[in-house]
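Novice: Line by line, the protein sequences give chains S and V.
Quick note on numbering: the first sequence equals residues 1 to 226 in the working numbering.
Quick note on numbering: the second sequence equals residues 1001 to 1226 in the working numbering.
A virtual CB, placed ideally from N, CA and C, is assigned to each residue, including glycine.
Protein chains: 2
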Amino acid sequence: MVVLTSGLLWKISIFVLFCVLSRSQADESSKCHSNKSPCVVRHLGELVQENYGRPGLSHIFVAGANDDGMKEIEVWMATYAPGSGTPNHRHNCEEVFIVLMGGGTLFLAPASNASFPGRPQMFSIYPNSTFIVPVNSVHQVRNTMGLEDLQVVIVISRPPMKAYVYKDWTTTHDEAVYHFPYFEKKLPATSYPISETDSAIPITSRMDDLQELVIDVDQTYSDELR
Amino acid sequence: MVVLTSGLLWKISIFVLFCVLSRSQADESSKCHSNKSPCVVRHLGELVQENYGRPGLSHIFVAGANDDGMKEIEVWMATYAPGSGTPNHRHNCEEVFIVLMGGGTLFLAPASNASFPGRPQMFSIYPNSTFIVPVNSVHQVRNTMGLEDLQVVIVISRPPMKAYVYKDWTTTHDEAVYHFPYFEKKLPATSYPISETDSAIPITSRMDDLQELVIDVDQTYSDELR
C-alpha cells in the first residue's frame, strides 16, 4: 500500500505538469511527421505520387495550387524511369529544372517563325545540373540514360500549368492540343512518345526546309552522354 | 614522300567534313559545361557562390532575375554552416524550401495582431523535408544541428526579393528594416543573429503579454532534433 504523503503528491504534480508541458511543446513538430493533416514541414516521401497515365512517371506536387493554395509558384518533384519523359510541349509560364539524380536529354526547339517546332537542339542533363526552359519554347525532357531513374525538381510560375502538347516535332503549333489541367488522369497515349522505341525526332517532309544534320540521333545521344 | 592520289584526296576531304560536322554538333553540349558564357544546361558547381557578408552562408542564384532575366520565379540554393541561417524576416512573395541535406529549425511567427512577431513556433527540418513559408509571416531558418551543413533549395515568386528584416522576435513591424536588394554585399551585422551564441528568441518585456513557455529554448532545440 502506497501512502500519499504531501511530498509524494507534490512530486506527482510536478511530473504530471512536466508531461503536459512537454507534450504541448512537442506537438508542433510531432504532428508534422504524420501525413494525416496539413503540416508545416512535410517529408517528401509522405506526399502523394501519381503518374497521370504516363508510364514511367512519378510526380509529386511539393507545393501546389490545388492542395496548398499556391498562387504564384508551384514546385514539383518528378522521377522518370529509363526511356520515359515529359511530352513535347510548350507553355507561357517560366520553368526551372534541377537534376537531383540520373541523367537524360533536354530537347529544345529553337525559336523560329516556322509553323511547327522542327528539329530540336539536344542538351545533356546530369546530376546537379540545372536549366531554364524559355517561355513558349517547345521542349521535352527524357531519361535517355537507360540505367537509372532521372529525378528532377521542377519549378513553374502561374500555376496550375496550362500546356500545349505536340505529338512530335513536326506537329504544327495549330495542331498542338491544349491541356488544362496539364496533369490529367488520362491523356491520349499518342501525345506522349515516351517509350524507348519511340522516335523523339521523326524526319518527315515537313523537315525538308530545315537544315539537315548528318549525324544519327542515337549516335548523338551516345556522344552527348559519353 | 606521299603521293596525293585522287583517292587519298577524297578520303581526306571526307575526314575533314566529318570533323567539321562533329564539332558543330558537339558545340551545343560542350559549351554548356563551361562557365564562360550563358549556357542552357549548367552545373550547379559552376555558378557563382556569395555570402553577402553573412558568415556561414553560401548562396547561389540557380535562376535569377538579374542574371537570367527571370520575371516570375527565382530559384536559389543555399548552404548554411552549423549555427548560421537566414535573418528574421518577412516578405510578401511566396516561398518554398526543400531540404537537400542537413537539418535545422524553422522559426515561424504565428499570425497575430500584435505589433511585433512574438515567440515563434519551431519546426524541425531534415533531409527530404519541405515547407511553405506563408506570405508575410516573419520567419527564420537556422542550422541548429551543429554538425553538418544545411543545404536547401529555395523558390520565391516576384523576384528580386524585397524583405523586411527584424533584429529579433521583439522588433516591431515598424522597426523592421526594408532591404532591396535583399542580397546586399553588406548588411548591418546586428540584423543577423546567426552565430551559435546568439539567442534567436530573446525574452524581453515585450514578451510579457504572450503566453510564456516554461521550457528552455536550447532544451527545445534538443527535444525537437532528437
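1) Would you kindly work out how many angstroms separate the C-alpha atoms of V/Glu1148 and V/Gly1056, rounded to a whole number?
2) Run through DSSP, which three-state label would S/Asn136 get?
3) Which parts of the region 1066–1129 of chain V are runs of the beta strand (DSSP E), unbroken and 3 residues or longer, counting only runs that do not cross its ends?
4) Interface residues of chain S around V/Val1062 at Cβ under 8 Å?
5) If you pair each beta-carbon of the region 105–120 of chain S with each one of the region 65–74 of chain S, do three or more pairs fall below 8 Å?
6) Throw me the rounded Cβ distance for the V/His1266 and V/Leu1108 pair, which I believe falls under 8 Å.
7) Kindly indicate which three-state DSSP category V/Leu1057 falls into: helix, strand or coil?
8) V/Ile1098 to S/His173, Cα distance in whole Å?
9) When DSSP labels each residue in this structure, what does S/Glu46 get in the three-state scheme?
10) Would you say V/Glu1046 reaches chain S, if we count a Cβ-Cβ gap shorter than 7 Å as a contact?
11) Shortest alpha-carbon distance to S/Pro65 belongs to which of S/Val177, S/Tyr166, S/Thr170 and S/Lys162?
12) When you compare each of S/Asn136, S/Thr170, S/Val40 and S/Asn128 to V/Glu1095 by their alpha carbons, which one comes out closest?
13) Return the residue from the list S/Gly53, S/Glu184, S/Tyr166 and S/Glu46 that minimises the CA-CA distance to S/Pro160.
14) Verify the CB distance criterion: does S/Val133 have a CB-CB separation below 7 Å to chain V?
15) What first and last residue would you give for the beta strand (DSSP E) that runs through S/Ala163?
16) For S/Tyr178, decide whether its Cβ has a neighbour in chain V, counting only Cβ atoms nearer than 7 Å.
17) From the DSSP output, in three-state form, read off V/Arg1158 for me.
18) So with Cβ pairs under 7 Å, would you call S/Arg42 a contact of chain V?
19) Let me confirm a value: S/Ala111 is counted as buried when at least 16 other C-beta atoms fall within 10 Å, else exposed. Which label applies?
20) With DSSP run on the structure shown, which of helix, strand or coil describes V/His1173?
21) Closest to S/Asn143 by CA distance: which of S/Val165, S/Pro127, S/Gly85 and S/Lys167 is it?
22) Given a limit of 9 Å on CB to CB distance, which residues of the region 153–170 of chain S reach chain V?
23) For a cutoff of 7 Å on Cβ pairs, would you count S/Glu148 as touching chain V?
24) Is it the case that the Cβ atoms of V/Gly1102 and V/Leu1047 are separated by a distance below 7 Å?
25) Between the Cα of S/Asn88 and those of S/Glu175, S/Tyr166, S/Ala176 and S/Tyr182, spot the shortest distance and give me the residue it belongs to.
26) For S/Glu72, would you say it is in contact with chain V, using Cβ-to-Cβ distances shorter than 7 Å as the test?
27) Cutting at 6 Å between CB atoms, please list the residues of its own chain near S/Val153, excluding the five before and the five after it.
28) Figure out for me which residue from S/Pro181, S/Val141, S/His179 and S/Thr130 has the closest Cα to the Cα of V/Asp1068.
29) Determine the contact status of V/Val1155 and S/Val155, defining contact as a CB-CB distance below 7 Å.
30) Please determine, among V/Thr1079, V/Ser1137, V/Thr1170 and V/Leu1106, the residue with the shortest C-alpha to C-alpha distance to V/Ser1124.
31) Closer than 7 Å between beta carbons: that is the criterion. Which residues of the region 73–85 of chain S meet it against chain V?
32) Helix, strand or coil for V/Leu1150, going by three-state DSSP, please let me know.
33) Which bits of chain S does V/Leu1057 rub up against, with CB to CB less than 8 Å?
34) Under 7 Å between the Cβ atoms of S/Leu44 and V/Asn1092?
35) When every heavy atom of the ligand GDP is checked, does at least one fall within less than 6 Å of the C-beta of V/Pro1087?
Specialist: Let me lay it out:
1) 12 Å
2) coil
3) 1073–1080, 1088–1090, 1095–1101, 1104–1108 and 1121–1125
4) Val96, Ile98 and Thr130
5) no
6) One cannot answer for residue 1266 of chain V here, as it falls past the ends of chain V, which runs 1001 to 1226.
7) strand
8) 36 Å
9) helix
10) no
11) In the sequence on display, residue 65 of chain S carries Ala and not Pro. The candidate whose alpha carbon is nearest that of S/Ala65 is S/Lys162.
12) S/Val40
13) S/Glu184
14) no
15) Ala163 to Tyr166
16) no
17) coil
18) yes
19) exposed
20) coil
21) S/Gly85
22) Val153, Val155, Ile156, Ser157 and Arg158
23) no
24) no
25) S/Tyr166
26) yes
27) Met77 and Ile98
28) S/Thr130
29) yes
30) V/Leu1106
31) Ile73 and Val75
32) strand
33) Correct list: empty, because the minimum Cβ distance to chain S is about 19 Å.
34) no
35) Here there are no bound small molecules, and the ligand GDP is not part of this structure.
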